[in-house]
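Colleague: In the working numbering, the protein residues as written are 39 to 795.
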Ligand code: ADP
Ligand code: ZN
Ligand code: ZN
């Protein structure tokens, strides 16, 4: 008798389950479910081990490699429609394979939190407000004095399908929320949850609020080059000095896309999402513009996600994770400040939003534009290879002129708490002209080291290989790596000596010193410590923007994107920290920092001046940057990388490992090293014609071996052939997952690592 099952047509569903296992799972569709009801991109509930999990459907099939008797059926379908498009599924599949990350976790990361929880299963709608019959029949003239209520009613009268809160907010101002509440209490309004519909977006007359500036010849040329490839994939780099009008170029292109009923995704750095930028967009276009960033709660994120997916949002401005947002009419992707490190996620899936965006644009066959005053070596290399168009803007737009940059040699000068006489005099001159001064110090707190003058004791963190920073205002020592805090010891914990020295300068100390030297000047310090409260940063930035005769002190946070019209002097107090680092990317980072910070000077009519304090004025890289600009520096840096076979001329993966004991991470990394070494030998034996240049550097302790009580080590894999790298990692993972030593450690693979520790 023939096997009954083999005659039957099987309905297999392939899903991604949130688990660290690097594979997809097959489930059966029971007869009670119509197979047409299950589509890729929908969530389903599946039995998994002894639990149930929310899984995402990736595809359907009539075949499976698994023994049919072992297959379990899907418990429940959670969505009526796919929540992810085929395009996003394809993208996430790429992410899982390129970053060698478990696919279930990739989907988990890309979805808004609400979708990962069971409770939200059927809750896909948006609350929409309508006029009730009572309102329609009422005499609105009675509301003459309730202006807000009247205005909301008028707005809803013209919206037969109802309006969401966001839509109402867009046309209302003042106390409209109260008015809405009053109206609903007297039953003039009613709300219900409506499933979001993918609306056919129509171009209406009103896209522009403002026609924008007339472009200068450089901007015009860039726009013309970009327009040539408007309808298909093309990566372009706008390499334009600060203030050269890059944003204006983006706006021109966005306008063209909006007119073709397209959506735009603009990715910005973590701290680049300033109110200034948003105002500029909102001032220019009358379409729905929203922002997506880490400051939003889960509900807000979910809403934005749904509105982008339904096509309601036309311009989405967001940080790194926005790259996964579904946008059905996506017409172009723009990445502003593309060199910024925050586009790379440094934990979990260590993805580069920039690279994912390039893949997404390629898949969707749409243009992608990267912009920066200090492009990354990776992007410049792509330009050299002809894989990216290189568009240059070399002049400041408008009236501003580029600042002059000078070094202050601090050798042999008396430093008054980190400030040289030359610098103090300069600050005085600029303040006397009613201008502002920006002092940049990339280190928070009061002093980074506490030292006993008698026995040499130093304030180390007991959980990390790092020193504790003294924070004066809260009078404690804090570790910036594990956040441990402890009170300031009244005397040396080792020898009891009472004389402890605070060495080095943090922004808190700079502020104290500056207040002493310039007692009649207003001083604003902007760093992570002073901007913790919600709205604090914005308030300070506003003060800084309008101020005169002020000194601004800041960290990294002040380096980018901000526009302070009265700043004419920018000083970096200590660039030497960045000159001698073990990381081969350190010079690139320092050059970017110097150029970006300099960009804060002289943004309007007043000419700007930039000074850098250093004890190494002869440094070659520094002089290249000063004499030949960032592009001269970049050329030299790229040549050096080529010679040393470093990225972008080589591909790297960093295997990191963390454990409770040093031996555990050592054993694990040693195992990885052995496996890969034999894989390499095997490969060169089997195909001797294909010489592999794969190299293993390590295992070695991480630059900070002990962090938050854990011990960390790493193993770097490097080759000039990208394929080789991925092949060997795939084989390695296959081995590791079958090996017990992996159970004692936490390990991860960082593809294209940006920080080698
Ligand atoms: P970037 O993004 O390159 O830093 P922006 O687009 O912000 O530059 O422009 C810098 C300044 O120059 C802004 O104040 C902007 O309004 C002004 N600007 C830009 N393009 C023009 C133009 N074509 N004509 C006059 N001013 C311009
Ligand atoms: Zn001591
Ligand atoms: Zn610590």
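Cβ atoms here follow ideal geometry from the backbone N, Cα and C, with glycine treated the same way.
Where are the beta strand (DSSP E) runs, 3 residues long or more, that stay fully inside the region 638-716, in chain order?
Modeller: Complete beta strand (DSSP E) runs here, min 3: 647-652, 689-697.
Colleague: Applying the 10 Å Cβ sphere with the 16-neighbour rule, what's the burial state of residue 565?
Modeller: The residue you call residue 565 lines up with position 527 of the chain shown. Result: buried.
Colleague: With C-beta atoms as the reference, is residue 58 less than 8 Å away from residue 267?
Modeller: Counting from 1 along the chain shown, the entry for residue 58 is found at position 20. Counting from 1 along the chain shown, the entry for residue 267 is found at position 229. No, the Cβ-Cβ distance between residue 58 and residue 267 is not below 8 Å.
Colleague: Evaluate residue 42 with the Cβ neighbour count: other Cβ atoms within 10 Å of its Cβ, from every protein chain shown; 16 or more gives buried, anything less gives exposed.
Modeller: Here the question's residue 42 lines up with position 4 in the chain shown. At residue 42, the pLDDT of 47 sits below 50, so the modelled position is not reliable and the matter cannot be decided from this model.
Colleague: Are the region 412-426 and the region 672-679 in contact at 8 Å, needing three or more beta carbon pairs?
Modeller: Touching, per the Cβ criterion.
Colleague: Can you name the residues that DSSP bridges to residue 331?
Modeller: The count along the chain shown starts at 1 and reaches residue 331 at position 293. According to DSSP, residue 331 bridges with nothing at all.
Colleague: What would DSSP say about residue 771, mapped onto helix, strand or coil?
Modeller: Position 733 of the chain shown holds residue 771. If DSSP states are grouped into helix, strand and coil, residue 771 belongs with the helices.
Colleague: Of the choices 84, 77, 50, whose alpha-carbon is the least far from that of residue 99?
Modeller: Counting from one through the chain shown, the residue named residue 99 turns up at place 61. For the residues 84, 77, 50, the minimum Cα distance to residue 99 belongs to 50.
Colleague: May I ask whether a heavy atom of ligand 2 can be found less than 7 Å away from the beta carbon of residue 710?
Modeller: Taking the chain shown and counting its residues from 1, one reaches residue 710 at position 672. Incorrect: residue 710 has no Cβ contact closer than 7 Å to ligand 2.
Colleague: Can you check whether the CB of residue 221 is closer than 8 Å to the CB of residue 187?
Modeller: One-based indexing of the chain shown puts residue 187 at position 149. One-based indexing of the chain shown puts residue 221 at position 183. Their beta carbons are under 8 Å apart, which means residue 187 touches residue 221 by this criterion.
Colleague: Contact between the region 609-627 and the region 581-588 is defined here as three or more beta-carbon pairs at a separation below 8 Å; is this criterion met?
Modeller: Touching, no, given that fewer than three Cβ pairs across the two stretches are closer than 8 Å.
Colleague: In the DSSP assignment, what are the bridge partners of residue 555?
Modeller: Position 517 of the chain shown holds residue 555. According to DSSP, residue 555 bridges with nothing at all.
Colleague: Please name the residue, chosen from 778, 782, 766, that lies closest to residue 138 on a Cα-to-Cα basis.
Modeller: For the purposes of this step, residue 138 is identified with residue 100 of the chain shown, where counting begins at 1. Measuring from the Cα of residue 138, the nearest candidate turns out to be 766.
Colleague: Judging by CA-CA distance, which residue of 455, 436, 531 is the nearest neighbour of residue 252?
Modeller: Position 214 of the chain shown, counted from the start, is the residue given in the question as residue 252. Looking at the Cα atoms, 436 is the closest of the given residues.
Colleague: Using beta-carbon positions only, say whether residue 513 and residue 526 come within less than 8 Å of one another.
Modeller: Locating residue 513 in the chain shown gives position 475, where the first residue counts as 1. Locating residue 526 in the chain shown gives position 488, where the first residue counts as 1. Yes, Cβ-Cβ distance for residue 513 and residue 526 is below 8 Å.
Colleague: Hey, is the region 644-663 in contact with the region 715-728, meaning 3+ C-beta pairs nearer than 8 Å?
Modeller: Touching, no.
Colleague: Is residue 473 buried or exposed, if buried means 16 or more other CB atoms sit within 10 Å of its CB?
Modeller: Translated into the one-based positions of the chain shown, residue 473 becomes position 435. Buried.
Colleague: For residue 561, tell me which candidate among 550, 567, 335, 516 has the shortest Cα-Cα distance.
Modeller: Numbered from its first residue, the chain shown carries residue 561 at position 523. Ranking 550, 567, 335, 516 by Cα distance to residue 561 puts 550 first.
Colleague: When every heavy atom of ligand 3 is checked, does at least one fall within less than 7 Å of the C-beta of residue 522?
Modeller: Sequence index remark: in the chain shown, residue 522 carries index 484 (1-based). Yes, the beta carbon of residue 522 sits closer than 7 Å to at least one heavy atom of ligand 3.
Colleague: Looking only at DSSP bridge pairs, what is residue 524 linked to?
Modeller: Walking along the chain shown from the start, residue 524 turns up at place 486. Partner(s): 515.
Colleague: Please state if the CB of residue 357 and the CB of residue 380 are separated by a distance shorter than 8 Å.
Modeller: Counting from 1 along the chain shown, the entry for residue 380 is found at position 342. Counting from 1 along the chain shown, the entry for residue 357 is found at position 319. Yes.
Colleague: Check whether the Cβ of residue 284 sits closer than 7 Å to any heavy atom of ligand 1, and report yes or no.
Modeller: Here the question's residue 284 lines up with position 246 in the chain shown. Yes, ligand 1 has a heavy atom inside 7 Å of this Cβ.
Colleague: Is the CB-CB distance between residue 172 and residue 115 below 8 Å?
Modeller: Counting from 1 along the chain shown, the entry for residue 172 is found at position 134. Counting from 1 along the chain shown, the entry for residue 115 is found at position 77. The answer is no: Cβ separation not under 8 Å.
Colleague: For residue 350, does the three-state DSSP call read helix, strand or coil?
Modeller: Here residue 350 refers to the residue found at position 312 when the chain shown is read from its first residue. DSSP places residue 350 in coil when its eight states are reduced to three.
Colleague: Does residue 737 pass the burial test, meaning 16 or more other C-beta atoms within 10 Å, or should it be called exposed?
Modeller: Position 699 of the chain shown, counted from the first residue, corresponds to residue 737. Classification of residue 737: buried, given that the 10 Å Cβ count is 16 or more.
Colleague: Which of the three DSSP states is assigned to residue 742 in this structure?
Modeller: Start at 1 with the first residue of the chain shown, and residue 742 comes out as number 704. Looking at residue 742 - three-state DSSP - the assignment turns out to be strand.
Colleague: Measure the Cβ-Cβ separation of residue 657 and residue 429 and say whether it is below 8 Å.
Modeller: In the chain shown, counting from the first residue as 1, residue 657 sits at position 619. In the chain shown, counting from the first residue as 1, residue 429 sits at position 391. Result no, Cβ atoms of residue 657 and residue 429 do not sit closer than 8 Å.
Colleague: By Cβ distance, which residues of its chain are closer than 6 Å to residue 733, with the 5 residues on each side in sequence left out?
Modeller: For this step, residue 733 is matched to residue 695 along the chain shown. Closer than 6 Å at the Cβ level, and outside the excluded window around residue 733, lie 756.
Colleague: Of the choices 625, 82, 655, whose alpha-carbon is the least far from that of residue 679?
Modeller: Here residue 679 corresponds to residue number 641 of the chain shown, with the count starting at 1. Minimum Cα distance to residue 679 is reached at 625.
Colleague: Rounding to the nearest angstrom, what Cα-Cα distance links residue 705 and residue 503 in this structure?
Modeller: Along the chain shown, read from residue 1 onward, the residue named residue 705 stands at position 667. Along the chain shown, read from residue 1 onward, the residue named residue 503 stands at position 465. Rounded to whole angstroms, residue 705 to residue 503 spans 21 Å at the Cα level.
Colleague: Specify, as a first and last residue, the run of the alpha helix (DSSP H) that residue 223 falls within.
Modeller: The sequence position of residue 223 within the chain shown is 185, counting from 1. Residue 223 -> alpha helix (DSSP H) spans 214-223.
Colleague: Looking at the unbroken beta strand (DSSP E) that takes in residue 284, where does it start and where does it end?
Modeller: Reading the chain shown from its first residue, position 246 is the one you call residue 284. Unbroken run through residue 284 is the alpha helix (DSSP H), 284-297; no beta strand (DSSP E).
Colleague: Please check the pair residue 143 and residue 78, which I expect to be a contact at CB under 8 Å, by giving their CB distance rounded to whole angstroms.
Modeller: What you label residue 143 is simply residue 105 of the chain shown in a count that begins at 1. What you label residue 78 is simply residue 40 of the chain shown in a count that begins at 1. Not quite, the Cβ-Cβ distance comes to about 19 Å (not below 8 Å), so this is no contact.
Colleague: Can you tell me whether residue 516 is buried or exposed? The criterion is at least 16 other CB atoms within 10 Å of its CB, across all chains shown.
Modeller: Within the chain shown, residue 516 is the residue found at index 478, counting from 1. Answer is buried; the Cβ neighbour count reaches 16.
Colleague: Rounded to the nearest angstrom, what separates residue 792 and residue 627 at their Cα positions?
Modeller: The residue given as residue 792 occupies position 754 in the chain shown. The residue given as residue 627 occupies position 589 in the chain shown. Roughly 11 Å separates the two Cα atoms.
Colleague: What do you reckon, are the CB atoms on residue 499 and residue 532 nearer than 8 Å?
Modeller: Start at 1 with the first residue of the chain shown, and residue 499 comes out as number 461. Start at 1 with the first residue of the chain shown, and residue 532 comes out as number 494. It is not a contact, given that the beta carbons lie outside the stated cut-off.
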